[in-house]
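Colleague: Sharing a structure below in structure tokens format, with a few things to ask.
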Ligand code: IVH
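In the numbering used here, the protein residues as written are 124 to 815.
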């Protein structure tokens, strides 16, 4: 029977004594770390995913039975610590550079000739180059001290990025520890964080099912994920990492070529692109290597937008130096975006959440850049006319980064002239309401916001999405059914649904119906900023909703605010103010908001700042604590609550920013690190004293 192995693991884990469990944990942790490394770094897994999951599960069970057995290096800690309140600046000791571009073989030859000119008499006949895939993600700087990961930051402007350590620790490809000979006391390792294509596409499927907006491309998704405040979000997403350069190194002698340096960090456990990096002699060999890589491009498990060519010898690199933000000794060759031909089978019309009607190209399925596509956006009528698209035409489509391709042009053929031009609808394809064309705009719009099923579906999906009212279980398919069966004709109808209504739908059992009704009921209490964002007012997204809510403190004050008062809110311009006013001035929209309130949606006021808020006189206030080991009388979580109640902060790892380490029995690496960094170490009694 399926799942028997899991039951076995559970039974076994629950039967161990504390001592046996301790022994088992000591074996499981290094074993899981090893498999992690085999999978993410060496790409030679020894066990299948299921076996890994079972070992992981076993460790989780043991740790939950005996929380003091959780080791600092336990893989279970990589599921994300506490959210950080904001992203803080991260200063790069050596700047993170960007690269200039080349688009042709001749530009590469020019590059090589330029370098030889600068190197002068010392120039070799053939310069040795490293040729590497240019990964399409986000640059990340990792800092290791004595082999231990201490921080990670984004590139930012090259000198100062953002501290994303909390998210970096959830990326399994990034080792918490390096191991091996000759580890430096400090090393900065740079590389790319990115989504493999399959993981990215799977994640997007899950997002659409949940009613969240899919990401347009893996690069935006990676950037958005790394900048999340809550590391649990990053932990759920399949980000990975490959290292491609070093920053500063202290306390170790590194080899004299880029290739050997990358091999060295690879041997310490850093994931590097062993499979595709090439070291070659002379620019013609570079051009061949780039062509070879270009041929593999379609079959790679991740997207690359080019190849990076670097002078391999570090002494030569030094001699060549930099121009402003990029090194003279490296260049990025950009591949043209993948392009294929396919047939335009039809032009459909899609009605968006705000009623905009956009033409969509329906294509004969085609594989382009590792993804099968059958739709392309056409933006608006003007574009269709400009391209002179006709159903039945063969079209060239191009995909540069984004999942959804662009139609670039029609491939001329004899039949084109006799095919009819695309007809644009006079009435909404969803509700038959006459469409309008806003003055000076190329966009057609269905003005029937409150009863056009397409707009209602989109509004309900958005309302329930995680960023808005966060109604668990209200996925895309379910919303479609609710609207199509007429159970939900406007958003507020969600709050009149009953378990009985829901059980009439496909694949909806009593238990899931009850759960959904509970989730809907819970959403009534969402705070003002979310509830305001959930209304889906055009131009009023999450951050605008937050600014407006925090400025006015109540929904009634927002409804009553004049355009001038709205514009006074930081971040609100006249366009946004106009949209807010237009929304609340529309009697049917206002009636819908009032109905939501009558049905129990709270739109709770935000209290004015409290005069008796804790002042900063506790010695704990404003200080950063890390807790480690077993405290004699308190659970770590209780200690954490006490510190936070007194205005202090508790983080998961020791850094230069830590003010105190509270250490209990069996404190391990965190204690060692605090001692090393000179962070004061106190015990439970010391903490209680500080707390008074
Ligand atoms: S080397 C001085 N190597 O491309 C060295 N960069 O414009 C600078 N990138 O921000 C970077 N793959 O995010 C290097 N194999 C690779 C790369 C790579 C992708 C990105 C990187 C950087 C951008 C350069």
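Even glycine gets a Cβ: it sits at the ideal position worked out from N, Cα and C.
Being a predicted model, the structure only gives us computed values, none of them experimental.
On the criterion of 16 or more Cβ atoms from any shown chain inside 10 Å, does residue 711 qualify as buried, or is it exposed?
Modeller: In the chain shown, residue 711 corresponds to position 588, counting from 1. Result: exposed.
Colleague: Mind listing, in chain order, the residues whose beta carbon lies closer than 5 angstroms to a non-hydrogen atom of ligand 1?
Modeller: 220, 221, 222, 255, 257, 258, 262, 315, 367, 368, 431 and 450
Colleague: Quick check: what's the CA-CA separation for residue 127 versus residue 797?
Modeller: Walking along the chain shown from the start, residue 127 turns up at place 4. Walking along the chain shown from the start, residue 797 turns up at place 674. Using only the alpha carbons, I get a separation of about 44 angstroms.
Colleague: Hey, how far is the Cα of residue 316 from the Cα of residue 341?
Modeller: As a working mapping, residue 316 is identified with position 193 in the chain shown. As a working mapping, residue 341 is identified with position 218 in the chain shown. Approximately 10 angstroms, taken between the alpha carbons.
Colleague: What is the DSSP secondary structure of residue 487, reduced to helix, strand or coil?
Modeller: Within the chain shown, numbered from 1, the residue matching residue 487 stands at position 364. In this structure, residue 487 counts as strand in the three-state DSSP scheme.
Colleague: Indicate whether the contact test is met: 3 or more Cβ pairs, each with one atom in the region 576 to 588 and one in the region 648 to 663, closer than 8 angstroms.
Modeller: yes
Colleague: In chain order, which alpha helix (DSSP H) runs of at least 4 residues are fully inside the region 736 to 775?
Modeller: 759 to 768
Colleague: Look at the Cβ atom of residue 623, then the Cβ atom of residue 651, and state whether they are nearer than 9 angstroms.
Modeller: In the chain shown, counting from the first residue as 1, residue 623 sits at position 500. In the chain shown, counting from the first residue as 1, residue 651 sits at position 528. No, they are not a contact pair.
Colleague: Roughly how many whole angstroms lie between the Cα atoms of residue 734 and residue 740?
Modeller: Residue 734 sits at position 611 when you count from the first residue of the chain shown. Residue 740 sits at position 617 when you count from the first residue of the chain shown. The predicted model places residue 734 with a pLDDT of 49, which falls under 50 and marks its position as unreliable; any figure quoted below should be read in that light. Taking the straight line joining both Cα atoms gives about 15 angstroms.
Colleague: Return yes when the Cβ of residue 145 is within less than 9 angstroms of the Cβ of residue 192, no when it is not.
Modeller: As a position in the chain shown, residue 192 is number 69, starting the count at 1. As a position in the chain shown, residue 145 is number 22, starting the count at 1. Their beta carbons are under 9 angstroms apart, which means residue 192 touches residue 145 by this criterion.
Colleague: Would you say residue 94 and residue 806 are within 9 angstroms of each other, going by their C-beta atoms?
Modeller: With the chain running from 124 to 815 in the structure shown, residue 94 is simply not present.
Colleague: Could you tell me the alpha carbon to alpha carbon distance between residue 294 and residue 349, rounded to whole angstroms?
Modeller: Within the chain shown, numbered from 1, the residue matching residue 294 stands at position 171. Within the chain shown, numbered from 1, the residue matching residue 349 stands at position 226. Rounded to whole angstroms, residue 294 to residue 349 spans 10 angstroms at the Cα level.
Colleague: Between residue 333 and the rest of its own chain, which residues show a CB-CB distance below 6 angstroms, the 5 nearest in sequence each way excluded?
Modeller: The count along the chain shown starts at 1 and reaches residue 333 at position 210. These residues qualify, in order along the chain: 598.
Colleague: Please return the same chain residues whose Cβ sits closer than 7 angstroms to the Cβ of residue 778, not counting the five positions on each side in sequence.
Modeller: Position 655 of the chain shown, counting from 1, holds the residue named residue 778. So the qualifying residues of the chain are 273 and 274.
Colleague: Can you give me the start and stop residues for the alpha helix (DSSP H) that residue 808 sits inside?
Modeller: Taking the first residue of the chain shown as 1, we reach residue 808 at position 685. First-last of the alpha helix (DSSP H) with residue 808: 807 to 814.
Colleague: Would you mind sorting residue 284 into buried or exposed? The rule is 16 or more other CB atoms within 10 Å of its CB.
Modeller: Against the chain shown, residue 284 aligns to sequence position 161. Result: buried.
Colleague: With a threshold of 16 other CB atoms inside 10 Å of the CB of residue 308, please say whether the residue is buried or exposed.
Modeller: Indexing the chain shown from 1 puts residue 308 at position 185. With fewer than 16 Cβ atoms within 10 Å of its Cβ, residue 308 is classed as exposed.
Colleague: Can you check the region 129 to 183 for any alpha helix (DSSP H) of at least 4 residues that lies completely inside it and give the ranges in chain order?
Modeller: 141 to 163
Colleague: In whole angstroms, give me the CA-to-CA distance for residue 803 and residue 782.
Modeller: For the purposes of this step, residue 803 is identified with residue 680 of the chain shown, where counting begins at 1. For the purposes of this step, residue 782 is identified with residue 659 of the chain shown, where counting begins at 1. Going by the C-alpha atoms only, they are around 7 angstroms apart.
Colleague: Going by C-alpha distance, which of 186, 451 and 203 is nearest residue 149?
Modeller: To locate residue 149, count along the chain shown from 1; it is residue 26. The shortest C-alpha separation from residue 149 is found at 186.
Colleague: Residue 267 bridges to which residues according to DSSP?
Modeller: Taking the first residue of the chain shown as position 1, residue 267 is located at position 144. DSSP, once it has assigned bridges, lists 272 and 310 as partnering residue 267.
Colleague: According to DSSP, is residue 280 part of a helix, a strand, or is it coil?
Modeller: Here residue 280 refers to the residue found at position 157 of the chain shown. In the three-state scheme derived from DSSP, where H, G and I count as helix and E and B as strand, residue 280 is classed as coil.
Colleague: Buried or exposed for residue 444, going by 16 or more other Cβ atoms inside 10 Å?
Modeller: The residue labelled residue 444 in the question sits at position 321 within the chain shown. Its Cβ having fewer than 16 others within 10 Å, residue 444 is exposed.
Colleague: State the start and end residues of the unbroken beta strand (DSSP E) segment that holds residue 532.
Modeller: The count along the chain shown starts at 1 and reaches residue 532 at position 409. Counting along the chain, the beta strand (DSSP E) containing residue 532 begins and ends at 529 to 534.
Colleague: Could you give the distance in angstroms between the alpha-carbon of residue 507 and the alpha-carbon of residue 545?
Modeller: The sequence position of residue 507 within the chain shown is 384, counting from 1. The sequence position of residue 545 within the chain shown is 422, counting from 1. Roughly 8 angstroms between the two C-alpha positions.
Colleague: For a minimum of 4 consecutive residues, which ranges assigned as the alpha helix (DSSP H) are wholly contained in the region 648 to 694?
Modeller: 651 to 657, 665 to 675, 678 to 683 and 686 to 690
Colleague: Kindly indicate which three-state DSSP category residue 207 falls into: helix, strand or coil?
Modeller: Reading the chain shown from its first residue, position 84 is the one you call residue 207. Here residue 207 sits in coil by DSSP.
Colleague: Between residue 287 and the rest of its own chain, which residues show a CB-CB distance below 8 angstroms, the 5 nearest in sequence each way excluded?
Modeller: Stepping through the chain shown from its first residue, residue 287 is reached at position 164. Correct list, in chain order: 210, 213, 263, 275, 276, 277, 349 and 350.
Colleague: Roughly how many angstroms separate the alpha carbons of residue 195 and residue 259, rounded to a whole number?
Modeller: Walking along the chain shown from the start, residue 195 turns up at place 72. Walking along the chain shown from the start, residue 259 turns up at place 136. About 32 angstroms.
Colleague: Suppose you measure from the CA of residue 813 to the CA of residue 304; what does that come to, to the nearest Å?
Modeller: Your numbering for residue 813 matches position 690 in the chain shown. Your numbering for residue 304 matches position 181 in the chain shown. Distance between the alpha carbons of residue 813 and residue 304: 43 angstroms.
Colleague: Could you give the residue range of the alpha helix (DSSP H) that holds residue 505?
Modeller: Start at 1 with the first residue of the chain shown, and residue 505 comes out as number 382. For residue 505, the enclosing alpha helix (DSSP H) begins and ends at 504 to 510.
Colleague: I want to know whether the region 538 to 557 touches the region 620 to 637 - three or more CB-CB distances under 8 angstroms.
Modeller: no
Colleague: For residue 182 and residue 757, I'd like the C-alpha separation in whole angstroms.
Modeller: The sequence position of residue 182 within the chain shown is 59, counting from 1. The sequence position of residue 757 within the chain shown is 634, counting from 1. Each residue's alpha carbon lies about 24 angstroms from the other.
Colleague: Compute the beta-carbon to beta-carbon distance between residue 365 and residue 314, rounded to the nearest angstrom, for a pair I have assumed lies under 8 angstroms.
Modeller: On the chain shown, position 242 is the one that residue 365 refers to. On the chain shown, position 191 is the one that residue 314 refers to. Yes, they are in contact, since the Cβ atoms of residue 365 and residue 314 sit about 5 angstroms apart, within 8 angstroms.
Colleague: Drop a sphere of 10 angstroms on the beta-carbon of residue 329, count the other beta-carbons inside from all chains shown, and report buried for 16 or more, exposed for fewer.
Modeller: Here residue 329 corresponds to residue number 206 of the chain shown, with the count starting at 1. Exposed, since its Cβ has fewer than 16 Cβ neighbours within 10 Å.
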